[in-house]
Amino acid sequence: MTRSVQILGTRQLTDLSRRLRAAGGPQLRQNMARRVRRAAEPLKGDLQQAIRSQPIVSEGRKPNKRGRVPRGGPSPTVRPLRATLAGGVRISVRQGTFAGARVWMDRSRLPADLRRMPRVIDDGRIRHPVFGNRKRWATQWARPAGWWSRTVRAGYPRMRAEVERVLGDVRRDLE
0 MTRSVQILGT RQLTDLSRRL RAAGGPQLRQ NMARRVRRAA EPLKGDLQQA IRSQPIVSEG
60 RKPNKRGRVP RGGPSPTVRP LRATLAGGVR ISVRQGTFAG ARVWMDRSRL PADLRRMPRV
120 IDDGRIRHPV FGNRKRWATQ WARPAGWWSR TVRAGYPRMR AEVERVLGDV RRDLE
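What the sequence shown shows, in numbering that gives the first Met the number 0, is residues 0 to 174, in sequence order.
Laid out in structure tokens, this is it:
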């Protein structure tokens with residue numbers, strides 16, 4: 000799974016960043032950074048929507064030793080998995096030598112027990128202990144190669160085209 004989507008270090012971005020610095024216009028630099036961020040926001044929104052709508056199904060309950068299928072109950076956790084993961088998708092915009100935009104999953108914003116979950120869901124198979132009991136494990140299935148990979152492939156061309164349009168506009172403003 001690709002952890003981030005980046006449009007960085009292209010010669011155009013680096014040259015433009017140098018020219019902005021030489022022009023001494025902090026307003027121009029702020030404007031460019033804001034517009035590059037806006038170009039990345041649709042991809043961020045698409046990634047958040049993709050994880051929120053990612054289907055996760057279980058293999059079903061198995062009978063216990065007496066042959067009975069146990070009844071379910073409410074989950075003891077109050078933390079919604081998909082919404083928590085959606086909150087970890089971030090955007091960063093840099094200027095200077097490594098100028099560019101980056102959309103990435105910030106694992107530090109996730110609870111410690113969910114830091115590997117974005118990759119696990121993208122792989123398609125989720126194994127976890129049943130209500131924390133490490134003697135009983137359950138398997139759940141998500142659409143493999145799903146929420147991150149497919150969404151990035153679909154949104155990357157639009158993000159790149161928008162950043163190139165912003166670069167063209169700023170370049171015209173400098174000339």
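Note that the Cβ used here is the ideal one computed from N, Cα and C, for glycine as well.
| Runs of alpha helix (DSSP H) wholly within the segment 85–124 (minimum 4 residues, chain order) | You should have 116–122.
| query | Which residue or residues does DSSP assign as beta-bridge partners of Q207? | reply | Nothing about residue 207 can be read from this structure; the chain reaches only from 0 to 174.
| In terms of DSSP beta bridges, what is N132 paired with? | Position 133 of the sequence shown, counted from the first residue, corresponds to residue 132. N132 pairs with V129.
| request: Taking P156 as the reference, give the member of A141, L42, I90 and P117 with the closest Cα. | output: Within the sequence shown, residue 156 is the residue found at index 157, counting from 1. When each option's Cα is compared against that of P156, the closest is L42.
| Where do the N-terminal and C-terminal ends of the alpha helix (DSSP H) with R67 fall, by residue? | The residue given as residue 67 occupies position 68 in the sequence shown. It is not in any alpha helix (DSSP H) - R67 carries neither H nor E in the DSSP assignment.
| In this structure, does DSSP put G154 in helix, strand or coil? | As a working note, residue 154 is residue 155 in the sequence shown. G154 falls in the helix class under three-state DSSP.
| At least three beta-carbon pairs within less than 8 Å, the segment 25–37 to the segment 124–139 | no
| In the structure shown, what three-state DSSP assignment does S52 receive? | As a position in the sequence shown, residue 52 is number 53, starting the count at 1. Reduced to three states, the DSSP call for S52 is coil.
| query | When you compare only the Cα positions, how much space is there between R114 and D172? | reply | Locating residue 114 in the sequence shown gives position 115, where the first residue counts as 1. Locating residue 172 in the sequence shown gives position 173, where the first residue counts as 1. Using only the alpha carbons, I get a separation of about 43 Å.
| task | Taking 8 Å as the cut-off, decide whether the C-beta atoms of T138 and L46 are in contact. | result | One-based indexing of the sequence shown puts residue 138 at position 139. One-based indexing of the sequence shown puts residue 46 at position 47. Going by C-beta atoms, T138 is not nearer than 8 Å to L46.
| query | Among E58, Q26 and D121, which has the Cα closest to the Cα of W136? | reply | The sequence position of residue 136 within the sequence shown is 137, counting from 1. Of the candidates E58, Q26 and D121, the one whose C-alpha sits nearest the C-alpha of W136 is E58.
| task | Can you tell me which of Q94, T83 and R124 puts its alpha carbon nearest to the alpha carbon of D105? | result | One-based indexing of the sequence shown puts residue 105 at position 106. Nearest to D105 by C-alpha distance, out of Q94, T83 and R124, is T83.
| message | Please classify I50 as buried or exposed, where buried requires at least 16 neighbouring CB atoms within 10 angstroms. | response | Along the sequence shown, one-based indexing puts residue 50 at 51. The residue is buried, with at least 16 neighbouring Cβ atoms inside 10 Å.
| Reduced DSSP secondary structure (H/G/I, E/B, other) of P41 | On the sequence shown, residue 41 is found 42 positions in, with the first residue counted as 1. Three-state result, P41: helix.
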